[in-house]
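Asks: Just so we're aligned, residue 1326 is where the sequence shown starts under this note's numbering, counting upward by one.
Beta carbons are placed, not taken as given, at the ideal position from N, Cα and C, and that holds for glycine.
Computed from a predicted structure; not experimentally measured.
Have a look at this one.
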Amino acid sequence: MIIFNYGTLIDPFLRDVRKFTPGFSGIKVGGYVLDVCCGTGEQVFEYGRKGITAIGIDIDLNMLKIALKNKAKNNLENVSFQQADATNLPFSDCHFDCVSISFGLHDKGRIAREKIVSEMKRVVKPDGTIIFIDFQVPLPANMWGLFARVIEFLVNGDHYRGFKDYLRSSVINNLISTNHLHEVDRFLFKNGLIIAIRAVQS
């Protein structure tokens, strides 16, 4: 069900966000980017199309199979994928110019969210950029907010429990603060449903 939603509903819905992100990140041609919880790889492909070398990691092998299938269709040599746990990234310190995560925090428990952002900070260069893209809190009181609630409810399980906890507080702002990051810029999509934040190390 999750894979079906991503391939036929979620990926098209996020197309404008995906295309926006490479420019928003400030990373130039030849830069080196890690996309955490990459899912079907659509954000990774957008980096690749801009001449950025990008790696996508995800723990879900089914998602990665789709990403690898899509890679063959996109014919991009500067992108790659591997299975990895976002709470324990298999990369050395200060390895990437940019690390991004889109819709990979709202479905996690608090401890996992904290570990993921800590790892993202560890593997990005001191002068690098961290990109957060997820639901804005609170959700807007419009059709987009209702759409998000319905989709997350249908997924159910731990995913939905993480989503409900995410909505109880300003998760991304708190994670930026506790990890001593500094917000540089933010942008809203879908009438306030989605927020993109660019942060650097303080």
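If I measure Cβ to Cβ from Y1372 and keep anything under 6 Å in the same chain, skipping five residues before and after, which residues do I get?
Replies: Counting only Cβ-Cβ distances below 6 Å, and skipping sequence neighbours, we find P1347, V1358 and A1379.
Asks: Buried or exposed: which applies to I1436, given that a residue is buried once 16 or more other Cβ atoms fall within 10 Å of its Cβ?
Replies: Exposed, by the Cβ-count rule.
Asks: One question on the structure: do D1410 and G1381 come within less than 8 Å of each other, judged by their Cβ atoms?
Replies: Not in contact: D1410 and G1381 (Cβ atoms no closer than 8 Å).
Asks: I need the DSSP call for I1327, collapsed to helix, strand or coil.
Replies: Confidence in I1327 is poor, its pLDDT being 44 and thus under 50, which makes the residue's placement too unreliable to answer from.
Asks: From what residue to what residue does the beta strand (DSSP E) around F1416 run?
Replies: Here F1416 belongs to no beta strand (DSSP E), and DSSP marks it neither H nor E.
Asks: Compute the Euclidean distance between the alpha carbons of T1365 and S1527, then round it to the nearest angstrom.
Replies: So the alpha carbons of these two residues sit roughly 32 Å apart.
Asks: With distances taken between CB atoms, is the gap from D1524 to L1506 smaller than 8 Å?
Replies: The amino acid at residue 1524 is misidentified as Asp; the sequence shows Ala. Yes, the Cβ-Cβ distance between A1524 and L1506 is below 8 Å.
Asks: Could you check which residue in L1339, D1341 and V1369 has the C-alpha nearest to that of S1425?
Replies: With distances taken between Cα atoms, S1425 lies closest to V1369.
Asks: Determine, using beta-carbon pairs with one atom in the stretch 1441-1458 and one in the stretch 1476-1484, whether at least three such pairs fall under 8 Å.
Replies: No, the stretch 1441-1458 is not in contact with the stretch 1476-1484.
Asks: Using CA atoms only, rank isn't needed, just tell me which of G1355, L1518, P1415 and K1394 is closest to N1467.
Replies: It is L1518.
Asks: If you compare alpha carbons, which of C1363, N1403, F1460 and I1377 is closest to M1388?
Replies: Per the Cα distances, C1363.
Asks: Exposed or buried, which one is G1355 when buried takes at least 16 other CB atoms within 10 Å?
Replies: Exposed.
Asks: Under the rule that 16 or more other beta-carbon atoms within 10 Å means buried, what is T1503, buried or exposed?
Replies: Label assigned to T1503: exposed.
Asks: What residues in its chain sit with their C-beta under 7 Å from that of N1498, if we drop five residues either side in the sequence?
Replies: Contacts found: none.
Asks: Of the residues Q1461, G1376 and P1415, which one's Cα is nearest the Cα of Q1407?
Replies: Taking only the C-alpha atoms, the option nearest Q1407 is P1415.
Asks: Once the 5 residues before and after R1343 are set aside, which same chain residues still bring their CB inside 7 Å of it?
Replies: Hits under 7 Å: E1367, Q1368 and E1371.
Asks: Whose CA, out of Q1461, H1420 and R1474, lies closest to the CA of I1455?
Replies: Comparing Cα-Cα distances from I1455 to each of Q1461, H1420 and R1474, the minimum goes to H1420.
Asks: Give the straight-line distance between the Cα atoms of A1392 and R1374, rounded to the nearest whole angstrom.
Replies: Looking at the two C-alpha atoms, the distance is approximately 15 Å.
Asks: Between which two residues does the alpha helix (DSSP H) carrying D1490 extend?
Replies: Segment G1482 to Y1491, the alpha helix (DSSP H) holding D1490.
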